[in-house]
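Q: The structure that follows is given in the form of structure tokens.
Following this line, the structure appears as structure tokens:
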């Protein structure tokens, strides 16, 4: 089976420094894509970016941002576009699913946090990146 050719495409991955996001970042890099690795912890982003660059010879751009904070997402989008000039693939991977003893024990604070990371942030990021893609700055 032929490998997916993503040579010189730009992929932005939230939650990209660990777990599934990290695995996807390596997969995209292995297939020739440059990757923007976004997570709350810059040290993890930097470490992952260095590993990908060393392994595959692509550019990996680390950036710390919080998925639930629109200003943080907006600043990250601006930085990624300054770095690469486009985004071809957006992976809204950041998410959370905390354990709780029962539904009636979920606090409003926890509910708002989960909605922020899992819905509010990806909505904002998709709106920003999708608009740029539609304007011809990457994507399909």
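Residue numbers (this note's numbering): 70 to 209.
For each residue, glycine too, the CB sits at the ideal point set by N, CA and C.
What is the DSSP secondary structure of residue 131, counted as helix, strand or coil?
A: Position 62 of the chain shown holds residue 131. Note: residue 131 maps to strand in three-state DSSP.
Q: Report the start-end ranges of each alpha helix (DSSP H) in the segment 82 to 112 that is 4 residues or longer and not cut off at the edges.
A: Segments of the alpha helix (DSSP H) lying fully in the segment 82 to 112: 88 to 99.
Q: Mind checking who residue 80 pairs with in its DSSP beta bridge?
A: Position 11 of the chain shown holds residue 80. 104 and 158.
Q: In three-state DSSP terms, what is residue 163?
A: Along the chain shown, one-based indexing puts residue 163 at 94. Correct three-state label for residue 163: coil.
Q: Where do the N-terminal and C-terminal ends of the alpha helix (DSSP H) with residue 196 fall, by residue?
A: Here residue 196 corresponds to residue number 127 of the chain shown, with the count starting at 1. Per DSSP, residue 196 belongs to the alpha helix (DSSP H) from 190 to 203.
Q: Looking only at its own chain, which residues have a Cβ that is under 6 Å from the Cβ of residue 90, when we skip the five neighbours before and after it?
A: Here the question's residue 90 lines up with position 21 in the chain shown. So the list reads 82, 84 and 162, once near-sequence residues are dropped.
Q: If I follow the unbroken alpha helix (DSSP H) through residue 136, where does it start and stop?
A: Locating residue 136 in the chain shown gives position 67, counting from the first residue. Neither: residue 136 is in no alpha helix (DSSP H) and is coded neither H nor E.
Q: Between 115, 104, 173 and 97, which has its C-alpha nearest residue 154's C-alpha?
A: In the chain shown, residue 154 corresponds to position 85, counting from 1. Checking every option, the nearest Cα to that of residue 154 belongs to 104.
Q: Using C-beta distances below 8 Å, list every residue in its chain close to residue 133, excluding the 5 sequence neighbours before and after it, in chain order.
A: In the chain shown, the residue the question calls residue 133 occupies position 64. Correct list, in chain order: 107, 108, 109, 110, 111 and 114.
Q: Quick check on residue 183: does DSSP put it in helix, strand or coil?
A: Position 114 of the chain shown, counted from the start, is the residue given in the question as residue 183. Here residue 183 sits in helix by DSSP.
Q: Do residue 118 and residue 129 have their beta-carbon atoms positioned less than 8 Å apart in this structure?
A: By 1-based counting over the chain shown, the position of residue 129 is 60. By 1-based counting over the chain shown, the position of residue 118 is 49. Yes, these two residues count as a Cβ contact at 8 Å.
Q: Where does residue 116 fall in DSSP's three states?
A: On the chain shown, position 47 is the one that residue 116 refers to. Helix at residue 116.
Q: Do you know offhand how far residue 101's Cα is from residue 143's?
A: On the chain shown, position 32 is the one that residue 101 refers to. On the chain shown, position 74 is the one that residue 143 refers to. So the alpha carbons of these two residues sit roughly 26 Å apart.
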